[in-house]
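K.L.:
Number of protein chains: 2
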Amino acid sequence: MNTKRPTLEDIASVAGVSRATVSLVVRQSPLVAEHTRLKVEKVMADLDYVRDIGAARLRNNSSRTVGVIVPNLVNSFFTEFLTGVEQVMREQDRVVLLANSEDDPRRQDEILQRFRGHGVDGMILCPAAGTDAALPGRMQRWGLPMVQALREVGAQETDYAGADYVAGVGLAMQHLTALGHRRIAFLSVRAMTSAKAERLKGFSMALAKSGAIDAGIIEADLTWEGAALAANAVLALPARPTAVLCFNDVLAAGLMLGLRRADRQPGREMAVVGLDDLPLAELTYPPMTSVAMCPARIGTEAARLLTRRLAEPGRPIERFIQFPTLMVRESSGTKIV
Amino acid sequence: MNTKRPTLEDIASVAGVSRATVSLVVRQSPLVAEHTRLKVEKVMADLDYVRDIGAARLRNNSSRTVGVIVPNLVNSFFTEFLTGVEQVMREQDRVVLLANSEDDPRRQDEILQRFRGHGVDGMILCPAAGTDAALPGRMQRWGLPMVQALREVGAQETDYAGADYVAGVGLAMQHLTALGHRRIAFLSVRAMTSAKAERLKGFSMALAKSGAIDAGIIEADLTWEGAALAANAVLALPARPTAVLCFNDVLAAGLMLGLRRADRQPGREMAVVGLDDLPLAELTYPPMTSVAMCPARIGTEAARLLTRRLAEPGRPIERFIQFPTLMVRESSGTKIV
DNA sequence: TCTGCGTTTTAGATCGTTCTAAGTTGCAGG
DNA sequence: CCTGCAACTTAGAACGATCTAAAACGCAGA
């Protein structure tokens, strides 16, 4: 019943060759003669041979395994990213070890140790909020190649794939000011990450450039419920904003819900703009103006950066920055007086 | 720079004991004397020892690795499920190998072989549409324990965790008929899975029980765009349905969008009910009546079923069926005449 | 001092693969 | 007939852990 998997030895003895020859066949070496190869492949197929990659790694030090750590698996920003990573890895015959740090640096450390123990060839890390800036250096000392994605800690010591959040916020702000908005609020999150820092930077840069007024920065939990609750705080801002730019689409959707609960029409009485352009942006009411960051594309690029680094460890640091696109829908309303 | 990780041998020589003793310490064996244990643990900490699980597996045949295959990583039904699985596995010090079959049985087979090669201890499989019913038997012959989740193929030969889709559809239909609807349509998907079969079964059972009329079954692509396009087909149904039950929330959201594009108010001119109660159900307009299936809970139960099976391979087949809950919001409208 | 027994420790084989270095072939050229 | 070389093939030692069986140690009792 629970029959053991055949090994190289088994194949070898049936095919009447040595273990080493079978190994060469498995690895598609050109050293082996055509007729031997065919004979061995036949036996492998008959016995349903599956190469033990763990044992192989022990000898040649390549597990064809990469670790991916994300802070969240519910937000589709991260799952689209993950889809991109997984797809490229699958094409390259690699396997993805997945874990969710829940934005907790301690958990993230545990996961890293565990992945290290499993012999991953490299890591794609979306660092948890509060990750020690020394982590990239530590991983380098471990000899564990890493690509950071979507967020970044440390002084640009590793490859990185992300989006230009500053520019993204700029596009959104430009859109709002062009519509005539002068008092703009920012609905942010509590957890501090490079992604948040960049967005805030983009916000103040855009304010400076356009001469619009910072109507206040509200912080909410990163859930739509949190954002819905924050609607009242936004409405209570003394500067009376006419538009709110949101950290991401989840918050924007929640905010619109909260506004409606407070009997304000998002898009008419208050312009709302999201960031990320998740699929849900088209399903909200009114459909949401947002800034597309293409997380799936960032995922494929992160995966490619990692495989390049694995192939050539000494190569210079590389960065992929996705330029965002503004998607105008209805939540930002029309030109105001 | 790229210093190799220390091995048991390294620890042993520094601590002045044998490799075997260090191995016992690593595995927290009670056989080792207190003072030796402390000494060895000190050295392990100093040298930053990480146990090589791959090498361990080679000898003792437990990789503490499980494979998870889902058909889709964008639909949050599956990612919530995945969150549940990952969490339990993390608590049990196991690692998750993730892959996306994209609902393609060929791809799924490739992934299974790859995971087999990586020596996974077991699998949690959400079988792709069109999966051969013989797969569970084949995996059993491989000696690869598996739990099916959310969907199922074969004759209940494996552990299974899922939701009671028949009952879920029943709840939704009961709600609609109680509101006075007599002509009800079903917006379905093209791909055939056990989940679809159960829902259709629930639909006809509920029709029979309530005496309502099957106003037609429309099939759409499993995207909200597909559902939006299907809105016209729904409106063109000769039976003129007053309510539509949808395969899941993604389709329901898309359908509502399509209805609005065709100038029909979902919830007023056409009742719409979804299944799954994804987070987006509260964000649509009007908020969506749906049936909660608690995929995260199903995920944790699937993980527990697998670890139980791994601990005790001979135990009888077990099934976990989550009972669904109706979440009434506004898209189903109010009582009609 | 020696025996016996329980507690700790260890040498050496082993898991399934890959690598190294050396071994076979077969055949053309001297 | 021998030599040299290309084209294959292979024995045996790794890799880093665990397991088995046995050895070393400590100590009480004779």
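Just so you know, the sequences run in chain order A and B.
For the first sequence, position 265 (counting from the first letter as 1) is numbered 265 according to this note's numbering, and the numbering increases by one without interruption.
For the second sequence, position 147 (counting from the first letter as 1) is numbered 1147 according to this note's numbering, and the numbering increases by one without interruption.
By construction, the Cβ of each residue, glycine as well, lies at the ideal position given by its N, Cα and C atoms.
Is the CB-CB distance between residue 79 of chain A and residue 1283 of chain B below 8 Å?
P.N.:
Taking the first sequence and counting its residues from 1, the one referred to as residue 79 of chain A is at position 79. Taking the second sequence and counting its residues from 1, the one referred to as residue 1283 of chain B is at position 283. No, the pair does not count as a contact, with Cβ atoms beyond the cut-off.
K.L.:
What is the DSSP secondary structure of residue 87 of chain A, reduced to helix, strand or coil?
P.N.:
Position 87 of the first sequence, counting from 1, holds the residue named residue 87 of chain A. Residue state, collapsed to three classes: helix.
K.L.:
Anything in the segment 149 to 179 of chain A with a Cβ closer than 7 Å to a Cβ of chain B? List those residues in chain order, please.
P.N.:
Taking 7 Å as the Cβ-Cβ cut-off against chain B, none of the residues of the segment 149 to 179 of chain A qualify.
K.L.:
Going by the CB atoms, is the gap between residue 317 of chain A and residue 214 of chain A shorter than 8 Å?
P.N.:
As a working note, residue 214 of chain A is residue 214 in the first sequence. As a working note, residue 317 of chain A is residue 317 in the first sequence. Going by C-beta atoms, residue 214 of chain A is not nearer than 8 Å to residue 317 of chain A.
K.L.:
For residue 198 of chain A, collect the residues of the same chain with a Cβ closer than 6 Å to its Cβ; drop the 5 residues on either side in sequence, then sort them by chain order.
P.N.:
Reading the first sequence from its first residue, position 198 is the one you call residue 198 of chain A. Excluding positions up to five away in sequence, the list reads 165 and 166.
K.L.:
Short of 9 Å Cβ to Cβ, which residues in the segment 26 to 55 of chain A face chain B?
P.N.:
Residues passing the 9 Å Cβ filter: 48, 50, 51, 52, 53, 54 and 55.
K.L.:
What is the DSSP secondary structure of residue 1075 of chain B, reduced to helix, strand or coil?
P.N.:
On the second sequence, position 75 is the one that residue 1075 of chain B refers to. Looking at residue 1075 of chain B - three-state DSSP - the assignment turns out to be coil, as it is neither helix nor strand.
K.L.:
On the DSSP bridge assignment, give the partners of residue 125 of chain A in chain order.
P.N.:
If you number the first sequence from 1, residue 125 of chain A lands on position 125. A:69 and A:148, per the DSSP bridge assignment.
K.L.:
May I have a chain-ordered list of the beta strand (DSSP E) segments no shorter than 3 residues that lie completely inside the segment 1267 to 1293 of chain B?
P.N.:
Runs found: 1271 to 1273 and 1290 to 1292.
K.L.:
Among B:1066, B:1289, B:1037 and B:1047, which has the Cα closest to the Cα of residue 1308 of chain B?
P.N.:
Along the second sequence, read from residue 1 onward, the residue named residue 1308 of chain B stands at position 308. Checking every option, the nearest Cα to that of residue 1308 of chain B belongs to B:1066.
K.L.:
Taking residue 148 of chain A as the reference, give the member of A:247, A:300 and A:311 with the closest Cα.
P.N.:
Within the first sequence, numbered from 1, the residue matching residue 148 of chain A stands at position 148. If we check each option's Cα against that of residue 148 of chain A, A:300 comes out closest.
K.L.:
Would you mind sorting residue 35 of chain A into buried or exposed? The rule is 16 or more other CB atoms within 10 Å of its CB.
P.N.:
Looking up residue 35 of chain A in the first sequence gives position 35. Its Cβ having fewer than 16 others within 10 Å, residue 35 of chain A is exposed.
K.L.:
Taking Cβ positions only, does residue 341 of chain A come closer than 8 Å to chain B?
P.N.:
There is no way to answer for residue 341 of chain A, as the model of chain A reaches only from 1 to 337.
K.L.:
Quick one: which chain B residues come within Cβ less than 8 Å of residue 96 of chain A?
P.N.:
In the first sequence, counting from the first residue as 1, residue 96 of chain A sits at position 96. In chain order: 1097, 1098 and 1099.
K.L.:
Roughly how many whole angstroms lie between the Cα atoms of residue 414 of chain A and residue 124 of chain A?
P.N.:
Any question about residue 414 of chain A goes unanswered here, given that chain A covers just 1 to 337.
K.L.:
With distances taken from CA atoms, which of B:1136, B:1060, B:1049 and B:1255 is nearest residue 1109 of chain B?
P.N.:
Taking the first residue of the second sequence as 1, we reach residue 1109 of chain B at position 109. Selected option, being the one with the closest Cα: B:1136.
K.L.:
Does DSSP put residue 1320 of chain B in a helix, in a strand, or in coil?
P.N.:
On the second sequence, position 320 is the one that residue 1320 of chain B refers to. It is a strand residue.
K.L.:
Give a yes or no on whether the C-beta atoms belonging to residue 1014 of chain B and residue 1063 of chain B are separated by under 8 Å.
P.N.:
Taking the first residue of the second sequence as position 1, residue 1014 of chain B is located at position 14. Taking the first residue of the second sequence as position 1, residue 1063 of chain B is located at position 63. No, the pair does not count as a contact, with Cβ atoms beyond the cut-off.
K.L.:
Can you give me the C-alpha to C-alpha distance between residue 1201 of chain B and residue 1083 of chain B, rounded to a whole angstrom?
P.N.:
The residue you call residue 1201 of chain B lines up with position 201 of the second sequence. The residue you call residue 1083 of chain B lines up with position 83 of the second sequence. Those two C-alpha atoms are separated by around 29 Å.
K.L.:
Under 9 Å, CB to CB, which of the residues in the segment 105 to 119 of chain A have a partner in chain B?
P.N.:
Those would be 107, 110, 111, 113, 114, 115, 116, 117, 118 and 119, in chain order.
K.L.:
Is residue 1048 of chain B closer than 8 Å to residue 1071 of chain B when the C-beta atoms are compared?
P.N.:
Within the second sequence, residue 1071 of chain B is the residue found at index 71, counting from 1. Within the second sequence, residue 1048 of chain B is the residue found at index 48, counting from 1. No, the pair does not count as a contact, with Cβ atoms beyond the cut-off.
K.L.:
What does residue 1083 of chain B touch in chain A if you count any residue whose Cβ is under 8 Å from its own?
P.N.:
Here residue 1083 of chain B refers to the residue found at position 83 when the second sequence is read from its first residue. Neighbours of residue 1083 of chain B on chain A, chain order: 73, 74 and 100.
K.L.:
For residue 1052 of chain B, is the classification buried or exposed, using 16 other Cβ atoms within 10 angstroms of its Cβ as the cut-off for buried?
P.N.:
Against the second sequence, residue 1052 of chain B aligns to sequence position 52. Buried, because 16 or more other Cβ atoms sit within 10 Å of the Cβ of residue 1052 of chain B.
K.L.:
Between the Cα of residue 1223 of chain B and those of B:1212, B:1256 and B:1206, spot the shortest distance and give me the residue it belongs to.
P.N.:
By 1-based counting over the second sequence, the position of residue 1223 of chain B is 223. Comparing Cα-Cα distances from residue 1223 of chain B to each of B:1212, B:1256 and B:1206, the minimum goes to B:1256.
K.L.:
Closer than 8 Å, CB to CB, is residue 1309 of chain B near chain A or not?
P.N.:
Taking the first residue of the second sequence as 1, we reach residue 1309 of chain B at position 309. Chain A contact via Cβ: absent.
K.L.:
Are any of the Cβ atoms in chain A nearer than 8 Å to that of residue 1002 of chain B?
P.N.:
The residue labelled residue 1002 of chain B in the question sits at position 2 within the second sequence. Note that residue 1002 of chain B scores 49 on pLDDT, short of 50, meaning its location in the model is unreliable; the coordinates nonetheless yield the value given after this. Chain A contact via Cβ: present.
K.L.:
Given a cut-off of 8 Å on the beta-carbon distance, is the pair residue 1306 of chain B and residue 1122 of chain B in contact?
P.N.:
To locate residue 1306 of chain B, count along the second sequence from 1; it is residue 306. To locate residue 1122 of chain B, count along the second sequence from 1; it is residue 122. For residue 1306 of chain B and residue 1122 of chain B, yes; Cβs fall inside 8 Å.
K.L.:
How would you label residue 100 of chain A, buried or exposed, when you count the other beta carbons within 10 angstroms and need 16 or more for buried?
P.N.:
Counted from its first residue, the first sequence places residue 100 of chain A at position 100. Residue 100 of chain A comes out buried.
K.L.:
Would residue 1280 of chain B count as contacting chain A if we go by Cβ distances under 8 Å?
P.N.:
On the second sequence, residue 1280 of chain B is found 280 positions in, with the first residue counted as 1. It does; some Cβ of chain A falls within 8 Å.
K.L.:
What in chain B is Cβ-close to residue 268 of chain A, meaning under 7 Å?
P.N.:
The residue labelled residue 268 of chain A in the question sits at position 268 within the first sequence. Those do not exist, as residue 268 of chain A stays about 14 Å from chain B at its closest Cβ, beyond 7 Å.
K.L.:
If the cut is a Cβ gap below 7 Å, which residues of chain A does residue 1058 of chain B touch?
P.N.:
Position 58 of the second sequence holds residue 1058 of chain B. Those within 7 Å of residue 1058 of chain B in chain A are 54, 55 and 58.
K.L.:
Just to confirm, are residue 1273 of chain B and residue 1252 of chain B a CB contact at a threshold of 8 Å?
P.N.:
To locate residue 1273 of chain B, count along the second sequence from 1; it is residue 273. To locate residue 1252 of chain B, count along the second sequence from 1; it is residue 252. Yes, the pair counts as a contact, with Cβ atoms nearer than the cut-off.
K.L.:
Residues in the same chain with beta-carbon distance under 6 Å from residue 172 of chain A, minus the five sequence neighbours each way, listed in chain order, please.
P.N.:
Looking up residue 172 of chain A in the first sequence gives position 172. Contacts found: 245, 273 and 291.
K.L.:
On the premise that residue 296 of chain A lies in contact with residue 271 of chain A, defined as a C-beta separation below 8 Å, what is that separation, rounded to the nearest angstrom?
P.N.:
To locate residue 271 of chain A, count along the first sequence from 1; it is residue 271. To locate residue 296 of chain A, count along the first sequence from 1; it is residue 296. Not really, about 28 Å apart at Cβ, beyond 8 Å.
K.L.:
Among B:1089, B:1081 and B:1134, which residue has its Cα nearest to the Cα of residue 1105 of chain B?
P.N.:
Within the second sequence, numbered from 1, the residue matching residue 1105 of chain B stands at position 105. Answer by Cα proximity: B:1134.
K.L.:
Can a CB atom of chain B be found closer than 8 Å to the CB of residue 257 of chain A?
P.N.:
Position 257 of the first sequence, counted from the first residue, corresponds to residue 257 of chain A. Output row for residue 257 of chain A: interface = yes.
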